[in-house]
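Structure, as structure tokens:
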Amino acid sequence: MQEHLVVSASPHIREDVSVRKVMYSVVIAMVPAIVGSVYFYGLRALFLTLLACAAAVLTEAIIQKLRGVPVAVTDGSALVTGILLAFNIPPGVPWWIPVVGSIFAIAIGKQVFGGLGYNPLNPALLGRAFLLASWPVHMTTMWLPGRGGTLSGMSLSGIDVVTQATPLAMMKSVSAIITDPASTTHQMVQAREVLAGLGSSDTIANLFIGNVGGCIGETSALLLLIGAAYLMFKHYISWRVPAAYIMTVAVLTSVFGGPAGLFTGNALFHILSGGLILGAFFMATDMVTSPVTPRGMLVFGVGCGVLTTVIRLIGGYPEGVSYSILLMNIATPLIDGRTRPKKFGEVKQSG
2 MQEHLVVSAS PHIREDVSVR KVMYSVVIAM VPAIVGSVYF YGLRALFLTL
52 LACAAAVLTE AIIQKLRGVP VAVTDGSALV TGILLAFNIP PGVPWWIPVV
102 GSIFAIAIGK QVFGGLGYNP LNPALLGRAF LLASWPVHMT TMWLPGRGGT
152 LSGMSLSGID VVTQATPLAM MKSVSAIITD PASTTHQMVQ AREVLAGLGS
202 SDTIANLFIG NVGGCIGETS ALLLLIGAAY LMFKHYISWR VPAAYIMTVA
252 VLTSVFGGPA GLFTGNALFH ILSGGLILGA FFMATDMVTS PVTPRGMLVF
302 GVGCGVLTTV IRLIGGYPEG VSYSILLMNI ATPLIDGRTR PKKFGEVKQS
352 G
């Protein structure tokens with residue numbers, strides 16, 4: 002039997018991959034973190050997540066109907082945005098916070114640009130930034146401790162503040178006390194005790210498992226890594242952005258993140274705290290708003306890591322993941338343009 006060969010220009014795409022398949026795979030990957038949020042924060046976490054998802058899907062359907070375009074809410078992209086928006090809010094916020102955030106994320110962050118594939122910024126992160134700017138008290142104070150634990154992840158001791166702040170906020174507070182010449186001896190002693198507690202094996206274990214205060218879906222590195230491993234196994238995300246992002250944060254916080262001077266920082270604490278794992282694997286890898294070239298992905302990840310570290314260590318806000326990814330989203334077209342591979346052959350158009 003004679004075989005027929007087809008000669009054509011690249012790219013040669015043969016995989017059966019669709020937007021729907023990718024999006025629902027992302028939903029599946031986030032299920033462990035959803036289950037974990039219910040375990041640590043109760044059914045309220047699930048309630049807020051469902052509200053965010055419903056608001057996102059309904060908003061997308063209404064706007065697509067008004068625009069006169071096919072209603073495509075079944076592709077799963079709005080559902081992913083709703084879950085990620087919920088993952089980025091504290092579990093103690095009022096019910097309307099995830100609703101307003103999802104409406105803004107879909108309407109302003111996505112549909113105003115033309116819908117899926119045209120949005121320059123990650124919609125869920127843009128929704129979170131809007132909520133943080135509009136209701137900062139709700140977004141920065143309504144934390145809940147994990148099941149039977151404390152907000153900071155530290156074991157209860159004689160220090161009252163261990164129950165009053167999330168890990169990154171605690172780190173920023175005690176670092177400011179230690180580096181402030183006006184601090185009293187008592188304040189310095191207490192701050193160093195808290196700093197030692199934040200770096201203890203018990204606290205690191207709580208950070209890894211997720212039994213700390215934080216946003217609904219960001220606290221458990223273990224459950225997020227399980228989901229990320231599934232997405233990498235399916236080849237839906239690349240290792241380049243997360244690896245470059247996390248390694249950059251690790252190096253910079255190790256060198257500059259310690260209040261006692263250079264090379265005294267706790268890199269592991271910074272990797273497991275806040276939204277770094279969630280951001281690196283589930284938001285910085287967004288196919289629409291992140292680079293598509295291999296070198297571009299590395300540049301993007303490094304840029305996110307640098308900005309996150311600068312905001313955490315120097316800025317007034319203890320967390321910098323959301324803003325770092327949004328700022329690098331803006332630079333994505335430039336990064337892709339500067340890192341485009343050389344062409345070794347092309348089909349000339351007759352004309």
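In terms of our numbering, the numbers along the sequence shown are unbroken and rise by one, the last being 352. Quick reminder that beta carbons are idealized off the backbone N, C-alpha and C, glycines included. This structure is a prediction, so every number in the text was calculated from the model and none was measured.
With a cutoff of 8 Å on beta-carbon distance, Gly-214 and Pro-146 are scored as near each other.
Here the region 332–341 lies against the region 298–306, with 3 or more beta-carbon pairs under 8 Å apart.
Contact annotation: the region 79–88 touches the region 19–28, with at least three C-beta pairs closer than 8 Å. Nearest neighbour of Arg-45 by Cα position, chosen from Ala-134, Gly-115, Met-143, turns out to be Met-143. Distance from Ala-125 to Leu-86 at the Cβ level is roughly 5 Å; contact confirmed, criterion being Cβ atoms closer than 8 Å.
Residue burial is scored here from C-beta neighbours: Ser-156 has fewer than 16 other C-beta atoms within 10 angstroms and is therefore classed as exposed. With 16 or more other Cβ atoms inside 10 Å of its own Cβ, Lys-111 counts as buried.
Listed in chain order, the non-local C-beta contacts of Val-94 below 6 Å within the same chain comprise His-139, Met-143, local neighbours out to five positions each way being set aside.
In this structure, the straight-line span from the alpha carbon of Ile-217 to that of Met-189 is close to 33 Å. In this structure, DSSP gives Tyr-42 a helical state, which the three-state scheme calls helix. By the 16-neighbour rule on beta-carbons within 10 angstroms, Leu-67 is exposed. Here Lys-66 carries a helix assignment [DSSP, helix/strand/coil]. Between Val-250 and Pro-71, the alpha-carbon positions lie close to 42 Å from each other.
In this structure, DSSP gives Gly-321 a state outside helix and strand, which the three-state scheme calls coil.
Going by DSSP, Asp-203 is part of the alpha helix (DSSP H) stretching over 202–210. For Phe-264, the three-state secondary structure derived from DSSP is coil. Contact annotation: Val-322 and Thr-286 have beta-carbon atoms that are not nearer than 8 Å. The C-alpha of Leu-208 lies about 22 Å from the C-alpha of Gly-302.
Taking a 10 Å sphere around the C-beta of Ser-325, we find 16 or more other C-beta atoms and assign the residue as buried.
Buried is the label assigned to Ala-245, since at least 16 other Cβ atoms lie within 10 Å of its Cβ.
In this structure, the straight-line span from the alpha carbon of Ser-135 to that of Pro-319 is close to 18 Å. Note on Gly-259: 16 or more other CB atoms within 10 angstroms of its CB, so buried under the neighbour-count rule. Annotated three-state conformation of Arg-148 is coil, per DSSP. Distance between Met-24 and Gly-116, taken at the CA atoms: about 15 Å. Tyr-231 and Trp-240 have their C-alpha atoms roughly 12 Å apart. Around the beta carbon of His-236, fewer than 16 other beta carbons sit within 10 angstroms, so the residue counts as exposed.
Taking the Cα positions, Phe-264 is about 9 Å away from Val-252. Excluding five sequence positions before and after Ile-104, the CB atoms of its chain that fall closer than 6 Å to its own CB belong to Ala-56, Thr-60, given in chain order. Excluding residues up to 5 positions away in sequence, Arg-129, Cys-216 lie with their Cβ nearer than 6 Å to the Cβ of Asn-89 in the same chain.
With fewer than 16 other Cβ atoms from the protein chains shown falling within 10 Å of its own Cβ, Ser-19 counts as exposed.
Residue burial annotation: Ile-238 is buried, with at least 16 other C-beta atoms found within 10 angstroms of its C-beta.
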